[in-house]
Amino acid sequence: MKKIGKTPLLRARNIEKKLGVKRIYLKLEGANSTGSKQDRFVERIVYSAISQNKKIIVAEGSKPYLKSLSFFTDLYHIKLKVIQYKNQKWKNSLGSHVIVIDQSHQTKSSVEKNIDIHMDKTNDFRAIEGLDHKGLAELAYKEIAEEMIDKMKKPATSVFYTHSKDYHDSIYNGYLMDSMKSQNPMPEIYTIEEGNYDKDLITTDLLDQAYRLLSRTEHLKLKKKQAIVLAHFIAKVNQGDISDGEHIIILEQAKTRLQMTRLENFNEISKDEILSYVDHYLDRYSDPLEEASDALDNAIDKGFILIASRDDSIDGVCIVVHTGFDHFIPTYHLAYIGTNPNSKGRGLGTELIEYAVNLSDGNISLHVDLDNYRAKKLYEKMGFKHIYNRMIFQREE
1 MKKIGKTPLL RARNIEKKLG VKRIYLKLEG ANSTGSKQDR FVERIVYSAI
51 SQNKKIIVAE GSKPYLKSLS FFTDLYHIKL KVIQYKNQKW KNSLGSHVIV
101 IDQSHQTKSS VEKNIDIHMD KTNDFRAIEG LDHKGLAELA YKEIAEEMID
151 KMKKPATSVF YTHSKDYHDS IYNGYLMDSM KSQNPMPEIY TIEEGNYDKD
201 LITTDLLDQA YRLLSRTEHL KLKKKQAIVL AHFIAKVNQG DISDGEHIII
251 LEQAKTRLQM TRLENFNEIS KDEILSYVDH YLDRYSDPLE EASDALDNAI
301 DKGFILIASR DDSIDGVCIV VHTGFDHFIP TYHLAYIGTN PNSKGRGLGT
351 ELIEYAVNLS DGNISLHVDL DNYRAKKLYE KMGFKHIYNR MIFQREE
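All residue numbers for the sequence shown refer to the UniProt record's numbering, where the first residue is 1 and numbers rise by one.
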């Protein structure tokens, strides 16, 4: 199962070049299990219900919210009850464990009243989005700010995201608490409502531009309406309000087009299969299989192995070993990274490196062959510095 939270914070270098503004970061909340920030909140709701020995969660809310509730109630083996109003047939596909009360002859009216009518207050747990469990929501979404603060080497200059009250307060309070503890300056907070914004500030053309930048330039998967946050950022750039800094754009449902998997063992993909990918994708820069095998054993036990796949095809591998040190040299070392030659130019290598940097908290090194100028240039763009040349003793035959 995918983890909840600790979603990627990726440097958007391609967008930086297009806009002429440096250091733009994208927080991808679509990397949560059901593809939405809602998972952070909803998992807490389900835990709360279980802790109170409730058997059924009775809920109402948006499609992402109910989709997330369906996922977690199924995962933790409790029931979910929803009311289906007119034009809400999609609720029938939430899952076999979901009890759907058919009210399709009615238009949606008093949600709270209708939910209470269909509740058994002894066994049921109410969870209406926007009304119930606001404290849990604030705690859940505050983690987003905490993750960004933890990952950023410098304090954020600005943070852009869509507006809802609980969400806005959570992000703001996360940065406020950090400012009080660390004396870091507060970032400028910019929020925008997805369906309610100034059409003169954010035109259709600007929204189209933002969507193209995210989907084509940064290879992200998202709906056009979710690009509104980047469109807001671009509008502020055009107005002269934004210059080089540390800018974060939170995308609530965006994720990479790749499926990034961290291997826990060699059950699903055998060690020999991974070795063949390493040998093929690294081509003339590959090592003898004995050395690569040694690295794989270390990585699966103490480091990590990342697999990038698209449409069930493995297009990239990243092998990171544990050095055994905390301070003498970086704790993690990127031993091998290779991508499918047919996928060149799609940012696979960059994305694998970004994930490796995230997982290692930046405590990572790598080596690069002296004649591999293309790779060296990529690593330098991503923040790696040429510190020294490594020399290996070889006995003369």
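Just so it is clear, CB atoms sit at the ideal spot from N, CA and C, and this is done for glycine as well.
Using CA atoms only, rank isn't needed, just tell me which of the options is closest to residue i.
i      : options                        : result
Lys153 : Asp361, Ile274, Gly324, Asp132 : Asp361
Ser96  : Phe41, Val111, Gly383, Lys79   : Lys79
Asp315 : Tyr332, Leu69, Leu352          : Leu352
Leu69  : Lys55, Asp102, Trp90, Thr34    : Thr34
Ile364 : Thr350, Val320, Arg390, Gln394 : Val320
Ala308 : His367, Tyr277, Phe393         : Tyr277
Tyr379 : Met391, Ala227, Ala356         : Ala356
Asp144 : Asn114, Glu264, Tyr175, Ile117 : Checking the sequence shown, residue 144 turns out to be Ile, not Asp. Of Asn114, Glu264, Tyr175, Ile117, the residue nearest in Cα terms is Tyr175.
Pro384 : Asn342, His333, Lys142, Asn340 : According to the sequence shown, residue 384 is Phe rather than Pro. With distances taken between Cα atoms, Phe384 lies closest to His333.
Asn184 : Asp150, His280, Thr339, Thr204 : Asp150
Ile115 : Val82, Lys86, Lys134, Arg310   : Val82
Leu94  : Lys18, Gln103, Lys67           : Lys67
Pro341 : Asn372, Asn358, Tyr281, Leu306 : Tyr281
Thr162 : His219, Ile250, His105         : Ile250
Asp205 : Phe125, Lys381, Ala227, Tyr85  : Ala227
Glu112 : Ile128, Thr339, His105, Ser104 : Ile128
Arg310 : His322, Ala335, Lys271, Thr256 : Thr256
Arg11  : Val21, Gly5, Arg390            : Val21
Ala235 : Glu268, Lys199, Asn298         : Lys199
Quickly, what does DSSP pair residue i with across the bridge? List them, please.
i      : result
Lys81  : Val58, Ile99
Thr256 : Leu220
Thr191 : Tyr161
Arg126 : Val58
His133 : Looking at the DSSP assignment, His133 forms no beta bridge with any residue, so it has no partner.
Lys248 : The amino acid at residue 248 is misidentified as Lys; the sequence shows Ile. Bridge partners of Ile248: Tyr25, Val159.
Leu10  : Leu26
Asn196 : Glu193
In the DSSP assignment, find the unbroken beta strand (DSSP E) run with residue i in it and report its ends.
i      : result
Ser158 : 158 to 162
Leu25  : Residue 25 is actually Tyr in this sequence, not Leu. Where Tyr25 is concerned, the enclosing beta strand (DSSP E) stretches over 24 to 28.
Residue i lies in the alpha helix (DSSP H); which residues open and close that run?
i      : result
Asn114 : 111 to 117
Ala210 : 204 to 212
Lys37  : Run containing Lys37: none; DSSP gives neither H nor E here.
Tyr65  : 63 to 75
Leu94  : Here Leu94 belongs to no alpha helix (DSSP H), and DSSP marks it neither H nor E.
Ile4   : Note, Ile4: premise wrong, no alpha helix (DSSP H); not H, not E.
Leu230 : 228 to 238
At 4 residues or longer, what runs of the alpha helix (DSSP H) sit wholly inside the UniProt domain "N-acetyltransferase" (261 to 397)? 271 to 282, 289 to 301, 348 to 359, 373 to 381
Would you say the segment 45 to 58 touches the segment 25 to 33, given that touching needs at least three Cβ pairs under 8 angstroms? no
Taking 8 angstroms as the cut-off, does the segment 179 to 198 touch the segment 143 to 160 (at least 3 CB pairs, one atom from each stretch)? yes
Given 8 angstroms, three or more beta-carbon pairs between the segment 117 to 129 and the segment 206 to 222: no
Is there contact here, the segment 282 to 292 with the segment 258 to 266, by at least three beta-carbon pairs under 8 angstroms? no
Between the segment 98 to 105 and the segment 167 to 174, are three or more C-beta pairs nearer than 8 angstroms? no
Is the segment 292 to 303 touching the segment 241 to 248 in the sense that three or more CB pairs, one from each, lie closer than 8 angstroms? no
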